[in-house]
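Student:
Residue numbers (the working numbering): 2 to 124.
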C-alpha cells in the first residue's frame, strides 16, 4: 500500500501509543493539517476511533485496559503496515552503514597503498 511518508510517521506514532491519541492531542502535536491525514488513514482502514469498551465482556482478572472513548487507535492492518515500513527503513539504514564502512576501508587502503608506493619510489 502506498502511504505518504508523513502519514506513515503519524500512523507509527499512533501505533506506538498504548491508549491511542485523542484528536485534540494530534492537532496540538502536528497542527490543523492533521485532519487530512486522519481522514486518509481512516479511509484506508489503518486507524479507527475507539467507540465501545471491551473490558465488561472480559473475565474480571484480565489485564486489558480500554483506551478512552473517542481516541484514535491503529487497526491490525495499520500495525502490520508500520512493521513493514520500519523493516524497509532499517534495511536502508543497514545499507547506508555498509556503504560508509566500505568507503572508510577503501580510503584507508588507498592511503596505505599510496604511502607504500611513494616509499618504494623514493628509495
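All C-beta atoms, glycine included, are put in the ideal place defined by N, C-alpha and C.
Can you tell me whether residue 63 is helix, strand or coil according to DSSP?
Tutor: Here residue 63 refers to the residue found at position 62 when the chain shown is read from its first residue. Three-state result, residue 63: coil.
Student: From residue 82 to residue 27, what distance separates their C-alpha atoms?
Tutor: Your numbering for residue 82 matches position 81 in the chain shown. Your numbering for residue 27 matches position 26 in the chain shown. Rounded to the nearest angstrom, the two C-alpha atoms are 20 Å apart.
Student: Please report the Cβ distance between residue 79 and residue 48, rounded to the nearest whole angstrom; I am assuming they are in contact, meaning their Cβ atoms lie under 8 Å.
Tutor: Residue mapping note: residue 79 aligns to position 78 of the chain shown, counting from 1. Residue mapping note: residue 48 aligns to position 47 of the chain shown, counting from 1. That belief holds up - the Cβ atoms of residue 79 and residue 48 are roughly 6 Å apart, short of 8 Å.
Student: DSSP state of residue 73, grouped into three classes?
Tutor: Stepping through the chain shown from its first residue, residue 73 is reached at position 72. It is a strand residue.
Student: Could you pull the start and end residues of the beta strand (DSSP E) that residue 39 belongs to?
Tutor: As a working mapping, residue 39 is identified with position 38 in the chain shown. Residue 39 -> not in any beta strand (DSSP E); alpha helix (DSSP H) instead, spanning 35 to 45.
Student: Hey, out of 46, 117 and 42, whose CA is closest to residue 7's CA?
Tutor: What you label residue 7 is simply residue 6 of the chain shown in a count that begins at 1. Looking at the Cα atoms, 42 is the closest of the given residues.
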